[in-house]
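A.B. asks: Residue numbering for the sequence shown follows this note's numbering, starting at 6 and increasing by one per position.
From the three backbone atoms N, C-alpha and C, an ideal C-beta is built for every residue, glycine too.
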Amino acid sequence: MVSKRLSELEPGDTAVIVRIEGSGAVARRMADMGLIPGTKVKVVRKAPLGDPI
Numbered sequence: 006m007v008s009k010r011l012s013e014l015e016p017g018d019t020a021v022i023v024r025i026e027g028s029g030a031v032a033r034r035m036a037d038m039g040l041i042p043g044t045k046v047k048v049v050r051k052a053p054l055g056d057p058i
């Protein structure tokens, strides 16, 4: 299994969340958005500054 950061994925790529780096408010915000370990995600597009959406 190859590990990548979400920011390294390209539009159309899919991945499974393995871990969330960060704690406190960051981890809570990710969980609120459904980004928890085991969740499958797909990058639809990148924001103007390159962040995945």
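(1) Spatial neighbours of proline 42 within its chain, please: CB distance less than 8 angstroms, with the 5 preceding and 5 following residues excluded, ordered by chain position.
(2) Assuming glutamate 15 contacts valine 48 under a Cβ cut-off of 8 angstroms, what Cβ separation, rounded to an integer in Å, is found between them?
(3) Determine the closest residue to glycine 27 out of Leu54, Val7, Leu40, with distance taken between C-alpha atoms.
(4) Keeping to the same chain, check which residues put their C-beta closer than 8 angstroms to that of valine 46; ignore five residues upstream and five downstream.
(5) Check for me: the alpha helix (DSSP H) holding valine 31 runs from which residue to which?
C.D. replies: Here's the rundown:
(1) Ile22, Val23, Arg24, Ile25
(2) 7 angstroms
(3) Leu40
(4) Leu11, Thr19, Ala20, Val21, Ile22, Leu40
(5) 30-37
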